[in-house]
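Following: one structure in structure tokens, then a few remarks.
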Amino acid sequence: VELIYPKPSYVEIDPDHLWQAIVEVLREAVK
Numbered sequence: 001v002e003l004i005y006p007k008p009s010y011v012e013i014d015p016d017h018l019w020q021a022i023v024e025v026l027r028e029a030v031k
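So that you can map any letter, position 29 of the sequence shown is 29 in the UniProt record's numbering, and since no number is skipped, the others follow by simple counting.
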């Protein structure tokens with residue numbers, strides 16, 4: 001998951017990337 005640093009001491013996560021990572025983990029878990 002990619003972290004975004006818009007300002008010093010700020011950290012954000014791209015929600016689309018986070019969702020894709022969750023979906024991928026769930027797909028592997030269901031196999």
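Here a beta-carbon is modelled for each residue, glycine too, at the ideal position from N, C-alpha and C. Note that the structure is predicted; figures quoted are calculated from it, not measured.
- Using a threshold of 9 Å, state whether the C-beta atoms of Ala21 and Val1 are closer than that. yes
- Message: Quick check: the Cα distance between Leu3 and Val11, rounded to an integer number of angstroms?
- Response: Linking Leu3 to Val11 through their CA atoms gives a straight-line distance of about 7 Å.
- By Cβ distance below 6 Å, which residues in the same chain neighbour Asp16 in space, the five residues on each side in sequence not counted? none
- Task: Give the secondary structure of Glu12 by DSSP, where H, G and I count as helix, E and B as strand, and everything else as coil.
- Result: strand
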